[in-house]
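My numbering numbers the first residue of the sequence shown as 6 and each following residue consecutively.
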Amino acid sequence: MKKILILLSLLLLTACSGTPKVDIQGEMEKRPEIKVTWEGESNLPGINGDFCTDVLCMDSGTPDWSAMESVPYSNGTELTVSVNSEKTIKDLSISLKNQDGNTIQNNVPHTDNGDKTYTVTDPFIKTGDVILSVKVTFTEGGYGQSFFPITVE
């Protein structure tokens, strides 16, 4: 019996030695950093959402918006979205969501400044408590998403 257990253990070790390994910590460090600022103000507080690399996807689930405090925002004030990532940006999309996660305004117009920053100048179509959702996709594959609760005044 002891010999069988030893043989099975060796078989498992041998079978597993050739499987590819994923550096989870290294993949987590590839998460793009998305920041939103506006004229003369510091970064809006936000939370990271889902993201994918070429080998790993992290699903953050639905955030508890009631636990987050919205930041007052004067509608039409210029917003700057910046993305910190070594990857090449393929697309950046901005939308507004209500606190149930439903999209209120899709494809918020923005200008690509060419240096991984984007400017939003048009007023939003909704006032009150909303979630600013920013999603970036990369040419090399993968994406990242962040959410910023704001009160549009």
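Built from N, CA and C at the ideal position, the CB exists for glycine as well.
Counted within 10 angstroms of its Cβ, other Cβ atoms place residue i as buried (16 or more) or exposed
i	result
Cys57	buried
Gly119	exposed
Best match in the options for proximity to residue i [C-alpha to C-alpha]
i	options	result
Thr156	Lys92, Lys102 and Thr126	Lys102
Thr116	Asp127, Gly147, Pro77 and Ala72	Asp127
Leu33	Ser65, Leu49, Lys40 and Pro50	The sequence given here has Met at residue 33, not Leu. Per the Cα distances, Ser65.
Asp134	Val86, Glu83, Gly106 and Thr82	Gly106
Asp69	Lys35, Gln104, Pro114 and Asp59	Gln104
Contacting residues, own chain, Cβ-Cβ under 6 Å from residue i (five flanking each side not counted)
i	result
Asn53	Ser151
Ser138	Ser100, Lys102 and Phe152
Val86	Val41, Tyr123 and Val139
Span separating the alpha-carbon of residue i from that of residue j
i	j	result
Gly149	Ser71	23 Å
Leu16	Gly31	Only weak support is given to the placement of Leu16: the predicted model assigns it a pLDDT of 49, under 50, and the value that follows is read from those uncertain coordinates. Those two C-alpha atoms are separated by around 30 Å.
Glu91	Glu74	31 Å
Ile39	Tyr123	11 Å
Met63	Pro154	21 Å
Integer Cβ distance of residue i from residue j, believed to fall under 8 Å
i	j	result
Pro37	Val88	5 Å
Gln110	Ile136	The Cβ separation is near 11 Å, so there is no contact.
Any non-hydrogen atom of the ligand PLP within 6 Å of residue i CB
i	result
Gly146	Looking for the ligand PLP in the displayed structure turns up nothing, as the structure carries no ligands at all.
Contacting residues, own chain, Cβ-Cβ under 7 Å from residue i (five flanking each side not counted)
i	result
Ser98	Asn112 and Lys140
Thr132	Asn80, Val157 and Glu158
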